[in-house]
Amino acid sequence: MALYLYLHFPSLQCDSLADAETAGLPVAVVDAQHRIVQLNTAAAQQGVKLDMGLASAAALCHKLHLLPYQQHQQQAVLMSIAQQLYQLSADIALDEPDGLYLRLCNMLQLYQGLAGYRAALMAALALLPYQYYYASAATPLAAKCLALQRLNLLTEDCTGTDAALKRSPLSFTELEPDIQQQLQRLGIDSLGRLLALSTAELARRFDNRLVSYLGRLRGEFFHALDYIRPGPGFSRYLELLYDISDMAVLSAPLSKLLQQLQQQLERSNTLCHQLTLRLYCRDSETKSYSVGSAQGEYRAANWLKLCQLQLESHRLTAPVYGLQLEVTQFAPQQAQSDDLFQPQQGNVSALQLVSLLQARLGRNAVSGLSLQNQHLPEQASSRPLPLLQTRSLTGALLQRPAFILPQPRPLQEAVEISSGPERLCPDGWQLAAQRDYFIGRNSKGQWLWLYRTAQQQWFVHGLFS
Amino acid sequence: MSALLQQLARRQLVWHGNSQQAAYQAVSSGYPQLDQQLAGGFPSTGLIDIQTDTGIGELRLLLPYLQQQQRSGRLLVFISPPAQPCADMLAAAGIVLSQLVIITPETAKEALWAAEQCLQSGCAAAVLLWQVPLKLALARRLQLAAEQGAATLVLLRRPAAGLSLPVNLSLELKPHRQGLQLSVHKRKGGWPAAAFLLDMQQYWPALYPAADSPALPQRKAG
Amino acid sequence: MSYAELFCQSHFSFLHGASSPQELVQQAAELGYSALALTDECSVAGIVRAYRQINEQALNIKLIVGSYFKLDKLELVLLCPDKAAYAELCRVISNARRRSTKGEYCLTEWDLMSLQHCLLLWLPTGDNDSDTHWANWLQKYHSERLWLALRRELSHNEAAFNHYCRQLVQQYQLKAVACGAVLMHSPQRLALQHCITAIKAGKPIAELGRQLLSNAERALRPLAKLEKLFSAELLQQSGVIAARCTFSLQELKYQYPSELVPEGETAAGYLARLVVAGSALRFPGGVPDRVQAIIDKEMALITELNYEYFFLTIYDVVQFAKSRGILYQGRGSAANSVVCYCLEITAVDPEKIQVLFERFLSRERKEPPDIDVDFEHERREEVIQYLYQKYGRERAALAATVISYRFKSALRDVGKALGLPISQLDFLVKNIQRRDPALSWQQQLSALGLNSNSQTTQQLITLVEQLRGAPRHLSQHVGGFVISQGPLYELVPVENAAMADRTVIQWDKDDLETLELLKVDVLALGMLTAIRKCFTLLKQHEQQDLSIAGISALGDDAAVYQMIQKADTVGLFQIESRAQMSMLPRLKPACYYDLVVQIAIVRPGPIQGDMVHPYLKRRDGKEAVDYPSEAVKTVLQRTLGVPIFQEQVIALAMVAAGFSGGEADQLRRAMASWKKTGELLQFKHKLIDGMQSRGYALEFAERIYQQICGFGEYGFPESHSASFAVLAYVSAWLKYYYPAAFCTALLNSYPMGFYSPAQLLQDARRHGVSVLPLCVNQSQWDHSLQQQGKAIRLGLRQIKGLSSAGAELLLKLRPAGGYRDIQQLRQTGLSRSDLQALASANALSSISGDRYNSRWQLLDTQHSLPLFATEPEPLSKVAQVAQTAPAYLTPPGKVEEMLEDYAATGLTLSTHPLALLRQAGKLPRSVPVEELHRVRHNSPVRVSGLVTLRQRPGTAAGVTFMSLEDETGTANVLVWLATAQAQQKSFLTATILQVDGILQREGEVTHIIAGKLVDLSALLAELRLSSRDFH
């Protein structure tokens, strides 16, 4: 006999927050229409309810912490739960945004019956921080309907589930709101009343969606589920046979891991932009390094060089007993065969060059320059990551010096003013702090960008190199 | 030469070994007067040594050239600039900011390493390196890297900050009320010339006001 | 040195200028400018305010009228040297505005070419091609009146731009002049200017960067500074231009349309003739001497002030309404005159009101006469169309209403500009309590979670205060028409309104008053519709021919006043609100003038906590009536020494504090706008000093000032109250004698008034009227009277979702014997949604059983094929169809019926939900409302009911009124702020509420002061489920 389990996770996004952040704090998730779609128990205790408007929720609970609904995060969390349960149960289908279908019939033998399966499942779920509700039934839709009612039934006994199903209000079915409403207006508000009507009479009055749903609910129609396959990602741990205290010696085991990574990347014809390397140290904290390649790379040898460049600048304070290499995201392989370390051929791309410079000099030492839509000179130039194509929102001002001093310095010499003033008002509309900018030339022939404060003090702010 | 090769040559993606030993391939400096003095302009690759004080117009002098160099789509790299480069001024002068990389290494050694990497890579058209002491051997190495990567390295140094280096062009700049006083110390394939004045008034009227412009607050002693 | 600022924009350049016209002229005068041109963008909307400020403050500065325009890359300022130029400017603005949608304009080259009088200041943009083109063009057409305007804003690269401008001047032989391009009266307004720029761009300030002004130089600057920035010649040229501008708004003279007077007659003669004819009609027994004396006095005043045309204009409008059978009623300062009574503008019998015309139309105050005419709200459009048709669109337009930033809109917009999250702003806006004077909103901000020390919060506070009262846009006045003899656009620009086919002028009613231009107010009043419908019903059913004047003429009816005194006033005009009801038993109005006072004394809103109005105390004899002087006595005598009407306050200021007529008029205006601008403060000293110097005690003076402040928001003119009292009385009379007809008329005029149809019907049933359910075969579109006028049959209009076209079809095709079944009804071609609406309203019960059955039949698609219409179905088959309803559909229970009644029609005739709950034992110890009179004063009580009203009224700080309705009546609950806050959940969301509280009774008024609030909303759902289970 067929048996399905439905797991419902009503507050995935709330529950994903670390405990420390949310201890006792009411948290709710709101969607784009400002409706509450998830909430934690603290919020529920304050009277916040699902589907409530943001304004009423905020009025009820002043301290309510609000998160915007993040579809991607929700999907990712649901997927990760499915992946974890995949160790336990073979046939799992996602029911986005917050449910999983599990086909049980073919798993029961493996666990010597339902009790064994239940124990294993509960143990696995207990490890996760997510609230959940569940129910089993002979069809996926029946299981879902019961789980949404938070009945937490897990039984092979169909009479129990059938009775519960008949009592189910229509609001827990998959029927579209318009159909539900029509049924309600006929006084049909539970599945039992609906199932009692003849299908032929219903078909004369309702469209295909109702008949199709009832067919699948009863198990008369086949219900296709899209069971998941385990996804990509790379995570390997290597325990060292002996402790290593010298960075250089680490290359060998690291290279081994990188080779494995290369194999997986080659198989999937992908590359990755970033990997995380963790060094587990004896009697000391685990060290974590993030190594990146802006262009993306799959070759072990090149990754090794990038890792080495980064490791060179660090010293090991404690011996390492284990290495972990982790990659979370793969990117499709671009048609490109450049080699980072063959500059003689003049084929290094700009991205590769930047990766190389950053690896050796540190991220902060390499930057681009972009023009910000700001009046104040100290805010108008910013140093973003290099090579970013930024769309400038503003026209560039011609009369600016080539270099701005990080700190304006008091003017200590005689200058000859050649142009000005240009008046700028600093942030916060402090009129008393307005500056009048002039261009002036000192006796050494240097062109300076000067300003005079309202207090008639003069400062040098830039150099017209 | 095939059309492809020509195209690559124009984009400076191939270069021509040592065939032009006598003189360098010149790129217009953007100033007709200067181009005349330099027999065509600045070198398109290799080292340019500029001895100058900071703040007298040294970068302004180079802007048309740097803009020209960037046309190939390759990078312009500033290494150890004397202060925060100003996006407004560079963008207004036509420098493409997304093709500009600024490197601020902590040591001179790192600065030189970075310069070499950039020059070698072939993806930088010009590298400006400020105030880094340079030994002869290193200069040779950088010259080689620059030729390999078809790039220019512009060294900005204080006047008489060191010995003569193996460079394509060596200039000394002095401030002048109407522009810059230039002396060519060395030019590959040419002879040093007498110092001359490059008038900048038409390019930067706000800095070099015409004599008849309205009165402004004249002086300020600090 | 003399300087005239020739380019200056006020906040009437919406979301661009950051200062008011008043601030600008004030500051310019203080800085010693010789003239200021107010040049808002394609607008002269601010000009009158600047003009008034100069006159009121006697400022030594010339005001120049002008306007700024953009056309592609051309920027221009037009200035008016003389009246011809002003008419020209108005025409250009009107044309540019009328070409475009509301709020925008579209100038054409043609507009500019046609200029013959305006002076032009050209502002080059720096775009060489366009500047060259326009320099040639302008030089070609307007060289004599053209200047190039040079600015010094200390902006980036300004020297180069000015150099370029000077080249243009030389090249094209132009004259050049200095200008400030002013947007602010003071540099301190920079923050506000940034803020409104951000509001306009719809982005936070932080994202705007260089779109913002880089400094505060676009303020009015001291002359010394200008001398440094501009050459003497450029500055001097501004004076030259200013000297050419001699036009003043004073020159505008309004001319009444002349066609109102028959040929060969003078206006005065014609008016006199009409009044004589009217008085004969009004006083069939002959005009009493006393009345005739008043008429003569009024006519003399009208003639002296030249107001004949004004009265004739109104007379013409009401004559039109009368001819169409549209009910109307005049009100306003001049309306309650015997002349207006004779002209049939009002029905206020001067015999009864004994008011003095001079009280309303004052020689010294020079304030124009004010007559508003209310018309039936459903038919006002006919009157408006009549005006347009009679005078043409060129000569008639609506006055503008300046829509200004209020606290909440300012908070929301400033908050957004400062980058606060929208959800937080929504929260603040919703939760800041504005009515509590003891708790400033600034203090509340920190209670609501905003860090009061942070810079952003401080900026928010400052900017919100600055933005409040600033105009956002021009809207149309509800009904204020300006009608003129010549084309209006020679007087003032006309622009499009949001409503199609409406045009508005750029000035509001205050501006019109300042310039002494007259407007005619054509307003809409729902009660007039209801009264007219009631008259019509009574004519049909009772053969009664009634009129407002007729009912008034019957004299004060004690029985009617008894009903009013009992606060049995649901549905009556003006005295039906909760606050009014609570005062009626205390004030016990017993005659017409009592009603006039009643209406003015209780403006919508407050019973002010425990504070009983001094008037009440005096009336009840609990406080002695005394007057500090004979002069004051003449003003306050009729209201027992307490100023109740706005006119009394004005008179007090004049009599007791020595205000001149003009000052008193300013005071009146300040009172009207007190909430917006806080202008009242400036009168405080003058008032108090004035009274003290005339020998009044400081304490008395302070009290009067406080009362004036109280008036600010709620002050009501006696003249309006007098007209309203007539309608209040007529509605009471109708309700007392014909409750069914009156209720039917109210329902058929809905939406109007204070109460929902459900409440009105509840009230009617309490008065012995029976109410018959909706029925497809019995109901008309309107609610109708049945059973000899004793019963109301609900009309189809009550059904939500039924289209009026559908209803029309249904009624047109309804067979004499009614529809037999659903099939026959379907054949009419009614739409699916109309049929569903009928089923939901249970209107089909006579032909297809209960709602579920009706819907089941309607859903059956196989029977919806059109049958051959001519061939009647054999009866047997019909019966068969009707019986196909499956037995397994359970009929709806009482709760379902009741809920569906509410959902489909907003009311139920079946069991009240509270009755159901009570029967089910769900309301332990709750006292039914009709039993409340047995509960003693100050004793604890529990009531439960549907929350029909949740109202946070006027000044009653921290009090919310709630009405709880159960099956026996409505209970009044008072919830104090603290109680509400502590139990917010129940307070905000409950639909059925149980209140444990203390019953308080004063006279016949009963309140329950809420203690504990329990949300019982969930009970209904429970009840519904349990009733299903036991079916």
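Sequence lines, in order, name chains L, V and H. For the record, in the first sequence the residue sitting at position 54 is 54 according to UniProt numbering, with numbers rising by one throughout. For the record, in the second sequence the residue sitting at position 118 is 118 according to UniProt numbering, with numbers rising by one throughout. For the record, in the third sequence the residue sitting at position 785 is 785 according to UniProt numbering, with numbers rising by one throughout. Beta carbons: idealized from backbone N, C-alpha and C, even for Gly. Please read all numbers here as calculations on a predicted model, not as lab measurements.
is_contact[Gln188 of chain H, chain L] using C-beta, thresh 8 Å: Taking the first residue of the third sequence as 1, we reach residue 188 of chain H at position 188. Yes, Gln188 of chain H lies at the interface with chain L (some Cβ there is under 8 Å from its Cβ).
Neighbour flag for Ser56 of chain L against chain H, beta carbons, 8 Å: On the first sequence, position 56 is the one that residue 56 of chain L refers to. Chain H contact via Cβ: present.
Cβ pair Ala57 of chain L, Ile36 of chain L closer than 8 Å: Along the first sequence, one-based indexing puts residue 57 of chain L at 57. Along the first sequence, one-based indexing puts residue 36 of chain L at 36. The answer is yes: Cβ separation under 8 Å.
Neighbourhood of Val77 of chain V by C-beta distance below 6 Å, restricted to the same chain and skipping five residues each side: The count along the second sequence starts at 1 and reaches residue 77 of chain V at position 77. Cβ within range, chain order: Val101, Cys118, Ala124, Val127.
Contacting residues, own chain, Cβ-Cβ under 8 Å from Gly126 of chain H (five flanking each side not counted): Mapped onto the third sequence, residue 126 of chain H falls at position 126. Cβ neighbours of Gly126 of chain H beyond the five flanking positions: Phe161, Tyr164.
In DSSP terms, what Arg452 of chain L is bridged to: Here residue 452 of chain L refers to the residue found at position 452 when the first sequence is read from its first residue. Per DSSP, L:Asp436, L:Trp458.
Under 8 Å between C-beta atoms of Leu173 of chain V and Leu180 of chain V: Taking the first residue of the second sequence as position 1, residue 173 of chain V is located at position 173. Taking the first residue of the second sequence as position 1, residue 180 of chain V is located at position 180. Yes; because the gap between Cβ atoms is below 8 Å, this pair is in contact.
Within chain L, partners of Ala191 of chain H - CB distance below 9 Å: Translated into the one-based positions of the third sequence, residue 191 of chain H becomes position 191. Here the neighbours are Gly428, Trp429.
Three-state class that DSSP yields for Leu234 of chain H in the structure shown: In the third sequence, counting from the first residue as 1, residue 234 of chain H sits at position 234. Helix.
Proximity test, Cβ basis, 8 Å: Ala159 of chain H and chain L: Translated into the one-based positions of the third sequence, residue 159 of chain H becomes position 159. Closer than 8 Å to some Cβ of chain L, the Cβ of Ala159 of chain H qualifies, so yes.
In DSSP terms, what Thr270 of chain L is bridged to: Here residue 270 of chain L refers to the residue found at position 270 when the first sequence is read from its first residue. For Thr270 of chain L, which the question treats as bridged, DSSP gives the partners L:Pro332.
Closest residue to Ala201 of chain H among H:Ser756, H:Leu150, H:Lys416 (Cα-Cα distance): If you number the third sequence from 1, residue 201 of chain H lands on position 201. Among H:Ser756, H:Leu150, H:Lys416, the Cα nearest to that of Ala201 of chain H is on H:Lys416.
Closest by C-alpha distance to Leu306 of chain L, when choosing among L:Phe330, L:Gln260, L:Ser251, L:Leu279: Translated into positions along the first sequence, residue 306 of chain L becomes position 306. If we check each option's Cα against that of Leu306 of chain L, L:Ser251 comes out closest.
Burial state of Cys195 of chain H, where buried means 16 or more other Cβ atoms lie within 10 Å: Taking the first residue of the third sequence as 1, we reach residue 195 of chain H at position 195. With 16 or more Cβ atoms within 10 Å of its Cβ, Cys195 of chain H is classed as buried.
is_contact[Leu170 of chain L, chain H] using C-beta, thresh 8 Å: The residue you call residue 170 of chain L lines up with position 170 of the first sequence. Closer than 8 Å: no.
First through last residue of the beta strand (DSSP E) which encompasses Trp147 of chain H: Locating residue 147 of chain H in the third sequence gives position 147, where the first residue counts as 1. First-last of the beta strand (DSSP E) with Trp147 of chain H: 146 to 150.
Nearest neighbour of Leu38 of chain H, chosen from H:Thr456, H:Ser13, H:Asn136 [CA to CA]: The residue given as residue 38 of chain H occupies position 38 in the third sequence. Closest by alpha carbon: H:Ser13.
Coil, strand or helix - Arg299 of chain L by DSSP: Here residue 299 of chain L refers to the residue found at position 299 when the first sequence is read from its first residue. In the structure shown, Arg299 of chain L sits in coil (DSSP, three-state: anything other than H, G, I, E or B).
Opening and closing residue of the alpha helix (DSSP H) in which Thr132 of chain H lies: Here residue 132 of chain H is taken as the residue at index 132 of the third sequence, counted from 1. Per DSSP, Thr132 of chain H belongs to the alpha helix (DSSP H) from 128 to 142.
Meets three-Cβ-pair contact criterion under 8 Å: the region 270 to 284 of chain H and the region 20 to 38 of chain H: no
Residues sharing a beta bridge with Leu36 of chain H, DSSP: Here residue 36 of chain H is taken as the residue at index 36 of the third sequence, counted from 1. In DSSP, Leu36 of chain H forms a bridge with H:Glu5, H:Leu63.
Neighbour flag for Glu96 of chain L against chain H, beta carbons, 8 Å: Looking up residue 96 of chain L in the first sequence gives position 96. Not an interface residue.
Rounded Cβ spacing between Ala745 of chain H and Ala530 of chain H (contact assumed at less than 8 Å): The residue given as residue 745 of chain H occupies position 745 in the third sequence. The residue given as residue 530 of chain H occupies position 530 in the third sequence. Rounded, the Cβ-Cβ distance is 5 Å, consistent with contact.
Local conformation of Thr390 of chain L per DSSP, three classes: In the first sequence, counting from the first residue as 1, residue 390 of chain L sits at position 390. In this structure, Thr390 of chain L counts as coil in the three-state DSSP scheme.
Asp966 of chain H: first and last residue of the uninterrupted beta strand (DSSP E) it sits in: Mapped onto the third sequence, residue 966 of chain H falls at position 966. Taken as a continuous stretch (DSSP letters only), the beta strand (DSSP E) holding Asp966 of chain H covers 959 to 966.
Distance between Gly906 of chain H and Gln182 of chain L (C-alpha atoms, nearest Å): The sequence position of residue 182 of chain L within the first sequence is 182, counting from 1. The sequence position of residue 906 of chain H within the third sequence is 906, counting from 1. Rounded to the nearest angstrom, the two C-alpha atoms are 20 Å apart.
Inter-residue CB distance, Ala28 of chain L and Val48 of chain L (contact presumed, cutoff 8 Å): If you number the first sequence from 1, residue 28 of chain L lands on position 28. If you number the first sequence from 1, residue 48 of chain L lands on position 48. Indeed, because the Cβ distance is near 6 Å, the residues count as touching under 8 Å.
Presumed contact (8 Å Cβ cut-off) between Ala657 of chain H and Leu687 of chain H, rounded CB distance: Mapped onto the third sequence, residue 657 of chain H falls at position 657. Mapped onto the third sequence, residue 687 of chain H falls at position 687. Contact flag correct, Cβ pair sits at about 5 Å.
Segment contact flag, the region 845 to 855 of chain H with the region 774 to 794 of chain H, C-beta cutoff 8 Å, min 3 pairs: yes
Chain-ordered chain L contacts of Gln201 of chain V [CB-CB under 8 Å]: Counting from 1 along the second sequence, the entry for residue 201 of chain V is found at position 201. The contacting residues do not exist; Gln201 of chain V stays about 11 Å from chain L at best.
Outcome for Val995 of chain H when other beta-carbon atoms lying within 10 angstroms are tallied against a minimum of 16: Here the question's residue 995 of chain H lines up with position 995 in the third sequence. So Val995 of chain H ends up on the buried side.
Which of helix, strand or coil DSSP assigns to Arg918 of chain H: Taking the third sequence and counting its residues from 1, the one referred to as residue 918 of chain H is at position 918. Correct three-state label for Arg918 of chain H: helix.
Sheet register partners of Leu67 of chain L (DSSP bridge): As a working note, residue 67 of chain L is residue 67 in the first sequence. Paired residue(s): L:Val29.
Exposure label - Phe459 of chain L; buried when at least 16 CB within 10 Å: Here residue 459 of chain L refers to the residue found at position 459 when the first sequence is read from its first residue. By the neighbour-count rule (16 or more Cβ atoms within 10 Å), Phe459 of chain L is buried.
Sub-8 Å separation of Leu78 of chain H and Cys118 of chain H beta-carbons: Taking the third sequence and counting its residues from 1, the one referred to as residue 78 of chain H is at position 78. Taking the third sequence and counting its residues from 1, the one referred to as residue 118 of chain H is at position 118. Yes, they are a contact pair.
Identity of the residue in H:Val522, H:Lys62, H:Gln455 nearest Val482 of chain H by Cα: As a first step, residue 482 of chain H must be located in the third sequence, where it is residue number 482. For the residues H:Val522, H:Lys62, H:Gln455, the minimum Cα distance to Val482 of chain H belongs to H:Val522.
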